[in-house]
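Position in the sequence shown counted from 1, then plus 10, gives you the numbering used here. Built from N, CA and C at the ideal position, the CB exists for glycine as well. For clarity, every value in this text was computed on a predicted model and none was experimentally measured. Everything on this sheet refers to the single structure shown next.
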Amino acid sequence: MSLKGKHIVLGITGSIAAYKSAMLTRLLVKQGAEVQIVITPAGKEFITPVTLSALSGKPVISEFFATGDGTWHSHVDLGLWADLMIIAPATASTLGKMVSGIADNMLITTYLSMKAPVFAAPAMDLDMFKHVTTQRNIQRLIDDGVHIIDPGTGELASHLEGKGRMEEPENIVAIIEDFFNKDTAAPQAGNLEKKKILITAGPTFERIDPVRFIGNFSSGKMGYALAEQCASRGADVKLITGPVNLIASHKNIETITVESAEEMYEASINIFPQMDAAILSAAVADYRPLHKEDKKIKRSDSDNLTIELTPNPDIAASLGKIKKSDQILVGFALETNNEEANAVKKLEKKNLDYIVLNSLQDVGAGFGKDTNKVTIIARNGEKISFGLKSKTEVAVDIINTVFFTNKNK
Ligand code: CTP
């Protein structure tokens with residue numbers, strides 16, 4: 011029961027997706043959480059407080075006053091009681107009221123009194139969701155520190171990819187669990203204050219002509235999770251990232267955005283000498299088109315088209331060459347056969363201290379997914395295998411192994 015003892019305020023608003031809140035309540039309670047539901051008057055049109063109080067085991071709060079006897083529901087007390095507030099579904103109207111502080115119902119007053127982190131899972135018609143006002147409100151809430159759960163990717167979003175559909179309750183619970191894990195992982199396991207860490211993340215795009223490129227499906231999630239974890243433990247992080255739909259929010263992270271392998275190489279080579287460590291999680295394209303066409307390549311129906319490719323610089327191997335004895339270099343390996351033997355070869359060839367072997371054998375592990383399964387192999391041959399975990403948890407495992415065990419030197 012990974013949410014055991016957690017106090018969660020679940021806000022429900024007037025959307026057809028309110029039926030999903032019943033399942034969300036059940037799942038949160040099943041995970042051991044205490045759930046206090048606060049529902050808006052419009053929310054009650056879609057789901058009854060009777061159902062919700064039966065599932066949560068607590069009376070549902072909807073009015074400022076409990077009954078006709080003048081007993082007052084204290085939003086201030088709720089704000090102090092909660093470890094987390096999640097508003098799901100969150101309508102366009104509620105998002106707008108949150109932005110502007112229009113406290114005309116119990117849910118918004120609770121939001122304004124909240125001392126705990128706040129999450130919101132938007133739910134509305136696609137046209138409403140796409141409206142510039144809604145998008146601006148979502149962006150403002152993100153700026154105000156609200157975690158928006160993006161229905162498009164099931165991720166905490168900063169990139170507005172969603173389609174206005176409320177995220178599935180299972181995924182919301184996973185995101186909440188992940189959040190608490192992340193929160194508790196950092197203090198337990200050593201800090202990285204004064205450490206300077208370079209992290210590469212995401213894919214690289216290799217231009218063919220002005221409108222086309224060769225790329226890969228790397229989402230960058232692993233690298234961003236590593237950056238957030240290192241930063242939350244006090245490290246100064248330089249995150250060199252290829253094109254991804256993510257934003258690193260921690261103040262200790264400086265993001266350097268690049269497109270191609272050559273740009274990533276240039277940035278990495280310049281920065282690495284000032285670093286204590288580099289973790290290279292980017293999926294760098296091994297080849298790029300030899301000629302980048304200035305004009306869009308035209309279709310020709312009769313001939314095949316051949317694009318000649320030339321090798322890109324190997325960033326990991328280049329950093330391995332200039333690495334000093336007190337620097338730590340960590341690479342990743344994605345292998346489909348002879349996994350461990352190939353990973354060890356890569357570690358030696360690139361002069362790495364650790365290599366993180368990504369398993370492709372498991373459903374849910376790898377590119378574009380939220381989970382990963384890894385084995386970390388150290389230079390001295392010692393290895394440690396982990397189960398299928400969220401990328402945040404994998405980041406914690408990598409950091410603990412690399413910085414807080416001393417297996418490499
Ligand atoms: N890497 C890099 N620069 C490259 C290619 C890879 O820095 N041009 C890094 C990756 O970030 C990763 C490690 O090297 O940490 C291994 O990447 P991978 O693609 O598995 O290895 P390759 O050397 O490209 O080998 P292959 O694709 O042939 O398996």
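6 Å CB neighbourhood of residue 119 in its chain, flanking five on each side removed: Along the sequence shown, one-based indexing puts residue 119 at 109. Contacts found: 85, 113.
Reduced DSSP category for residue 195 - H, G, I as helix; E, B as strand; rest coil: Taking the sequence shown and counting its residues from 1, the one referred to as residue 195 is at position 185. The predicted position of residue 195 is uncertain, since its pLDDT is 49 and thus under 50; no value can be drawn from it.
6 Å CB neighbourhood of residue 154 in its chain, flanking five on each side removed: Against the sequence shown, residue 154 aligns to sequence position 144. None.
Where residue 390 falls, given that 16 or more other Cβ within 10 Å makes a residue buried: Position 380 of the sequence shown, counted from the first residue, corresponds to residue 390. With fewer than 16 Cβ atoms within 10 Å of its Cβ, residue 390 is classed as exposed.
Extent of the continuous alpha helix (DSSP H) run through residue 330: Within the sequence shown, the letter at position 320 stands for residue 330. For residue 330, the enclosing alpha helix (DSSP H) covers residues 325 to 332.
Nearest-angstrom Cα separation, counted from residue 129 out to residue 251: In the sequence shown, the residue the question calls residue 251 occupies position 241. In the sequence shown, the residue the question calls residue 129 occupies position 119. The alpha-carbon of residue 251 is positioned some 26 Å away from that of residue 129.
Close-in-space but distant-in-sequence residues of the same chain around residue 320 (CB under 7 Å, 5 per side omitted): In the sequence shown, counting from the first residue as 1, residue 320 sits at position 310. The answer, listed in chain order, is 297, 298, 300.
One or two residues paired with residue 21 in a DSSP bridge: In the sequence shown, the residue the question calls residue 21 occupies position 11. When DSSP reads this structure, residue 21 sits in a beta bridge with 48, 97.
Inter-residue Cα distance where the pair is residue 338 and residue 139: Counted from its first residue, the sequence shown places residue 338 at position 328. Counted from its first residue, the sequence shown places residue 139 at position 129. Distance between the alpha carbons of residue 338 and residue 139 is about 45 Å.
Residue 81 and residue 105 closer than 8 Å at C-beta: Stepping through the sequence shown from its first residue, residue 81 is reached at position 71. Stepping through the sequence shown from its first residue, residue 105 is reached at position 95. No; because the gap between Cβ atoms is not below 8 Å, this pair is not in contact.
Completely contained beta strand (DSSP E) runs for the segment 89 to 141, where each covers 3 or more residues: Complete beta strand (DSSP E) runs here, min 3: 94 to 100, 128 to 132.
Option in 14, 63, 255, 42 with minimal Cα separation from residue 31: Here residue 31 is taken as the residue at index 21 of the sequence shown, counted from 1. Residue 63 holds the alpha-carbon nearest to the alpha-carbon of residue 31 among 14, 63, 255, 42.
Contact test: residue 322 Cβ vs the ligand CTP heavy atom, cutoff 7 Å: Counting from one through the sequence shown, the residue named residue 322 turns up at place 312. Answer for residue 322: yes, Cβ within range of the ligand CTP.
Three-way DSSP call (helix, strand, coil) for residue 75 in this model: Position 65 of the sequence shown, counting from 1, holds the residue named residue 75. If DSSP states are grouped into helix, strand and coil, residue 75 belongs with the strands.
CB contact flag (residue 56, residue 24, <8 Å): In the sequence shown, counting from the first residue as 1, residue 56 sits at position 46. In the sequence shown, counting from the first residue as 1, residue 24 sits at position 14. For the 8 Å CB-CB criterion, residue 56 and residue 24 form a contact.
Delimiting residues of the alpha helix (DSSP H) encompassing residue 246: Locating residue 246 in the sequence shown gives position 236, counting from the first residue. Counting along the chain, residue 246 sits inside no alpha helix (DSSP H); it lies in the beta strand (DSSP E) bounded by residues 246 to 251.
Straight-line gap, residue 364 to residue 264 (C-alpha atoms, nearest Å): Within the sequence shown, numbered from 1, the residue matching residue 364 stands at position 354. Within the sequence shown, numbered from 1, the residue matching residue 264 stands at position 254. One Cα belongs to residue 364, the other to residue 264, and the distance between them is close to 24 Å.
Identity of the residues DSSP links to residue 216 by a beta bridge: Against the sequence shown, residue 216 aligns to sequence position 206. DSSP, once it has assigned bridges, lists 224 as partnering residue 216.
Reduced DSSP secondary structure (H/G/I, E/B, other) of residue 233: To locate residue 233, count along the sequence shown from 1; it is residue 223. The answer is helix: DSSP assigns residue 233 an H, G or I state.
Close-in-space but distant-in-sequence residues of the same chain around residue 53 (CB under 6 Å, 5 per side omitted): Your numbering for residue 53 matches position 43 in the sequence shown. Correct list, in chain order: 22, 23, 24, 28.
CA-to-CA distance, residue 204 to residue 151, given in whole angstroms: To locate residue 151, count along the sequence shown from 1; it is residue 141. To locate residue 204, count along the sequence shown from 1; it is residue 194. Across the structure, residue 151 and residue 204 are spaced so that their CA atoms are roughly 32 Å apart.
The segment 264 to 273 touching the segment 176 to 192, judged by at least three CB pairs closer than 8 Å: The segment 264 to 273 is not in contact with the segment 176 to 192.
Check whether residue 325 and residue 274 have beta carbons under 8 Å apart: Position 315 of the sequence shown holds residue 325. Position 264 of the sequence shown holds residue 274. In this structure, residue 274 lies closer than 8 Å to residue 325 by Cβ.
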